[in-house]
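Written out below as structure tokens is the structure these notes cover.
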């Protein structure tokens, strides 16, 4: 067994070759990190197009999210969810509600609050404010939160706090309610995705 | 205080007075394999206790103390500074490595969208190579203060680094996901093997550069190849342990997945221990005064 005390020449005073070896390992780390970040962005930015001629909307949503085809009794026309997430799946949803000429977008939000307060635990409206779409279209935005108590038979999950946003905009004789719901702990990250979704949305 | 025995020292101790690192490393991996297997078989019948999960989290560390640390105490020439390495790595792992892997890159959240070969590439470039490079850097840094005299000294410290990574990773997993006990032990086995493979490649790459005066490109090549092989083992294991949805059954082949992981660490240990031994013998021949070549 060869025992060599290289403490002084290899670690405290490396040769130029050894020094370069250490530097190249650091460079490899930086390249690996940048490559993976690039692959992450490329993977997460893949999108799928959704078009509904009847309602007149076209949307781009993340390619790996689950598109929920609505039944006749559903109160929405489009819903996608990130089923890969743990906890509450991040949801983008669009509902189309017929309105009369003098209806205010605010009254739609109040109606949603009344309906959800009956079915969702600890439902709170946090903020209501005007919202400006990119195409000079005025809407209204409401922030809300509640506790999701839905049980999952496969996990020992505790109820989770979710936060969300409703954006209501009047289009012709109907109001479009664009909803975003996410686990509160990951709200900020997911809201960035929702902003991209809104930018791509046309109606 | 340490007393010398009055009985004659065994011949084996005179030939090799250190703790056998390859053996203890594989013993830890095998013990975790058995524990994960047992919990998979009986896990669903166990009561839900948070304390039990936190105790399970200590499994890699406890096994390291039993097999490695106590082994060092029994060895004629124990290695020093293992606790320093452990504490230093715990800080680095909790402050840098695990946040980068799970908050910045968050690979597990999006890797599934790729094909098998892309998954190996992504895993190799992230979950495998970054711990490898961190282990390498920690060893280089600690080498200024600790007496690394043989190749296996580096491996012994790399083993501790892997244990620290695995423990911190397991703690983050537990706090994030609240898994069942059986899932936690399965995760601990998978991550411990992952970090063991990363660490042994880092120790091998550094030992060749330092002790064999290899080319400056050697560590990069060794770490790169090692990481892709590590990625291959891990993705193969994940494909087996994840549930397959078929018409007849939805049971996961977790046993095959566990065996793939265990086989991976044993195979890498055998190959790298052989390479290290050959390098050591070559170095001994070169420096021997009775060199005849």
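Chains as they are written, first to last, in the numbering used here: chain A, 84 to 286; chain B, 22 to 314.
Note that the Cβ used here is the ideal one computed from N, Cα and C, for glycine as well.
Predicted model only: the values in this text are computed from it and were never measured.
Exercise for the section: Kindly indicate which residue of A:208, A:157, A:145, A:159 has the alpha-carbon position closest to the one of residue 82 of chain A. Expected result: The structure shown does not extend to residue 82 of chain A, since chain A is modelled only from 84 through 286, so no value can be given for it.
Exercise for the section: Round the Cβ separation of residue 151 of chain B and residue 115 of chain A to the nearest angstrom and send it over; I've been treating them as touching at under 8 Å. Expected result: Here residue 151 of chain B refers to the residue found at position 130 when the second chain is read from its first residue. Here residue 115 of chain A refers to the residue found at position 32 when the first chain is read from its first residue. Yes, they are in contact, since the Cβ atoms of residue 151 of chain B and residue 115 of chain A sit about 7 Å apart, within 8 Å.
Handout entry: Boundaries (first-last residue) of the alpha helix (DSSP H) holding residue 182 of chain B
Key = Locating residue 182 of chain B in the second chain gives position 161, where the first residue counts as 1. 172-198 is the span of the alpha helix (DSSP H), which, as asked, contains residue 182 of chain B.
Problem - residue 245 of chain B vs residue 192 of chain A beta-carbon contact at 8 Å - result: Here residue 245 of chain B corresponds to residue number 224 of the second chain, with the count starting at 1. Here residue 192 of chain A corresponds to residue number 109 of the first chain, with the count starting at 1. Going by C-beta atoms, residue 245 of chain B is not nearer than 8 Å to residue 192 of chain A.
Handout entry: Of the residues B:145, B:123, B:38, the one placed nearest residue 97 of chain B, counting alpha carbons only
Key = For the purposes of this step, residue 97 of chain B is taken as the residue at position 76 of the second chain. The shortest C-alpha separation from residue 97 of chain B is found at B:38.
Exercise for the section: In the DSSP assignment, find the beta strand (DSSP E) that holds residue 141 of chain A and state where it starts and stops. Expected result: In the first chain, the residue the question calls residue 141 of chain A occupies position 58. Per DSSP, residue 141 of chain A belongs to the beta strand (DSSP E) from 140-145.
Handout entry: Cβ pair residue 287 of chain A, residue 164 of chain A closer than 8 Å
Key = Only positions 84 to 286 of chain A appear in the structure, and residue 287 of chain A is not among them; the question remains open.
Problem - Cβ neighbours of residue 216 of chain B in the same chain (closer than 6 Å, five flanking residues each side left out) - result: As a working mapping, residue 216 of chain B is identified with position 195 in the second chain. So the list reads 152, 183, 186, 187, once near-sequence residues are dropped.
Problem - chain B contact for residue 119 of chain A (CB, 8 Å cutoff) - result: What you label residue 119 of chain A is simply residue 36 of the first chain in a count that begins at 1. Output row for residue 119 of chain A: interface = yes.
Exercise for the section: Consult DSSP for residue 124 of chain B and reduce its assignment to one of helix, strand or coil. Expected result: Counted from its first residue, the second chain places residue 124 of chain B at position 103. It is helical.
Problem - Partner residues on chain B for residue 101 of chain A, Cβ-Cβ distance less than 7 Å - result: Numbered from 1 along the first chain, position 18 holds the residue referred to as residue 101 of chain A. Under the 7 Å cutoff, chain B gives 230, 231.
Exercise for the section: Using three-state DSSP, classify residue 213 of chain A as helix, strand or coil. Expected result: Position 130 of the first chain, counting from 1, holds the residue named residue 213 of chain A. Here residue 213 of chain A sits in strand by DSSP.
Practice task
Taking the CB atoms as reference points, tell me whether residue 238 of chain B and residue 117 of chain A lie closer together than 8 Å.
Solution key: For the purposes of this step, residue 238 of chain B is taken as the residue at position 217 of the second chain. For the purposes of this step, residue 117 of chain A is taken as the residue at position 34 of the first chain. Result no, Cβ atoms of residue 238 of chain B and residue 117 of chain A do not sit closer than 8 Å.
Exercise for the section: Please confirm if residue 174 of chain A has its CB atom under 8 Å from at least one CB of chain B. Expected result: As a working mapping, residue 174 of chain A is identified with position 91 in the first chain. Closer than 8 Å: no.
Problem - residue 278 of chain A versus residue 225 of chain A - alpha carbon distance - result: In the first chain, the residue the question calls residue 278 of chain A occupies position 195. In the first chain, the residue the question calls residue 225 of chain A occupies position 142. Roughly 15 Å between the two C-alpha positions.
Exercise for the section: Give a yes or no on whether the C-beta atoms belonging to residue 189 of chain B and residue 119 of chain B are separated by under 8 Å. Expected result: In the second chain, counting from the first residue as 1, residue 189 of chain B sits at position 168. In the second chain, counting from the first residue as 1, residue 119 of chain B sits at position 98. Yes, they are a contact pair.
Handout entry: Chain-order list of residues whose beta-carbon lies under 6 Å from that of residue 93 of chain B (same chain, five-residue window excluded)
Key = On the second chain, residue 93 of chain B is found 72 positions in, with the first residue counted as 1. Same-chain partners within the cutoff: 40, 99, 100.
Exercise for the section: Name, please, each residue of chain A whose Cβ falls closer than 7 Å to the Cβ of residue 134 of chain B. Expected result: In the second chain, counting from the first residue as 1, residue 134 of chain B sits at position 113. Result: 126, 147.
Exercise for the section: Would you check if the segment 290-301 of chain B and the segment 167-179 of chain B touch, i.e. whether three or more CB-CB distances between them fall below 8 Å? Expected result: yes
Practice task
For residue 94 of chain A, return the contacting residues in chain B, with the cut-off set at a CB-CB distance below 8 Å.
Solution key: Counting from 1 along the first chain, the entry for residue 94 of chain A is found at position 11. Neighbours of residue 94 of chain A on chain B, chain order: 161, 164, 165, 169, 231.
Practice task
Could you tell me whether any Cβ in chain B is nearer than 8 Å to the Cβ of residue 108 of chain A?
Solution key: Stepping through the first chain from its first residue, residue 108 of chain A is reached at position 25. It does; some Cβ of chain B falls within 8 Å.
Problem - Paired residues, beta bridge with residue 229 of chain A - DSSP - result: Mapped onto the first chain, residue 229 of chain A falls at position 146. DSSP output for residue 229 of chain A lists A:245 as bridge partner(s).
Exercise for the section: Would you decide whether residue 240 of chain B is buried or exposed? Buried here means 16 or more other CB atoms lie within 10 Å of its CB. Expected result: Your numbering for residue 240 of chain B matches position 219 in the second chain. It is buried - the Cβ of residue 240 of chain B has at least 16 other Cβ atoms within 10 Å.
Handout entry: residue 54 of chain B vs residue 249 of chain B beta-carbon contact at 8 Å
Key = As a working note, residue 54 of chain B is residue 33 in the second chain. As a working note, residue 249 of chain B is residue 228 in the second chain. No, the pair does not count as a contact, with Cβ atoms beyond the cut-off.
Handout entry: DSSP bridge partner residues for residue 130 of chain A (one or two, in chain order)
Key = By 1-based counting over the first chain, the position of residue 130 of chain A is 47. Answer is A:145.
Handout entry: DSSP state of residue 152 of chain A mapped onto helix, strand, coil
Key = On the first chain, position 69 is the one that residue 152 of chain A refers to. Coil, per DSSP.
Practice task
Using a Cβ cut-off of 8 Å (strictly closer), state whether residue 293 of chain B contacts chain A.
Solution key: Residue numbering aside, residue 293 of chain B sits at position 272 when the second chain is read from its first letter. Answer no: the Cβ-Cβ gap between residue 293 of chain B and chain A never drops below 8 Å.
Problem - Contact list for the segment 127-142 of chain A against chain B, Cβ threshold 8 Å - result: 127, 129
Exercise for the section: Can you tell me which of the three DSSP states residue 39 of chain B falls into? Expected result: As a first step, residue 39 of chain B must be located in the second chain, where it is residue number 18. Residue 39 of chain B falls in the coil class under three-state DSSP.
Exercise for the section: Could you tell me whether any non-hydrogen atom of the ligand ATP is closer than 7 Å to the CB of residue 209 of chain A? Expected result: The model on display carries no ligand, and the ligand ATP is accordingly not part of it.
Exercise for the section: For the segment 143-153 of chain A and the segment 120-129 of chain A, state whether three or more C-beta atom pairs, one from each stretch, are separated by less than 8 Å. Expected result: yes
Exercise for the section: Answer yes if the segment 130-146 of chain B comes into contact with the segment 134-144 of chain A, meaning at least three C-beta pairs across the two stretches below 8 Å, and no otherwise. Expected result: no
Exercise for the section: Rank A:233, A:241, A:124, A:248 by C-alpha distance to the C-alpha of residue 125 of chain B and give the top, closest one. Expected result: In the second chain, counting from the first residue as 1, residue 125 of chain B sits at position 104. From the listed residues A:233, A:241, A:124, A:248, the smallest Cα separation to residue 125 of chain B is found for A:124.
Handout entry: Test: residue 150 of chain A CB closer than 8 Å to a CB of chain B
Key = The residue you call residue 150 of chain A lines up with position 67 of the first chain. Not closer than 8 Å to any Cβ of chain B, the Cβ of residue 150 of chain A fails to qualify, so no.
Practice task
Check whether the Cβ atoms of residue 250 of chain A and residue 214 of chain A sit closer than 8 Å, and answer yes or no.
Solution key: The residue given as residue 250 of chain A occupies position 167 in the first chain. The residue given as residue 214 of chain A occupies position 131 in the first chain. For residue 250 of chain A and residue 214 of chain A, yes; Cβs fall inside 8 Å.
Practice task
Please classify residue 137 of chain A: does DSSP put it in a helix, a strand, or coil?
Solution key: The residue you call residue 137 of chain A lines up with position 54 of the first chain. Coil, per DSSP.
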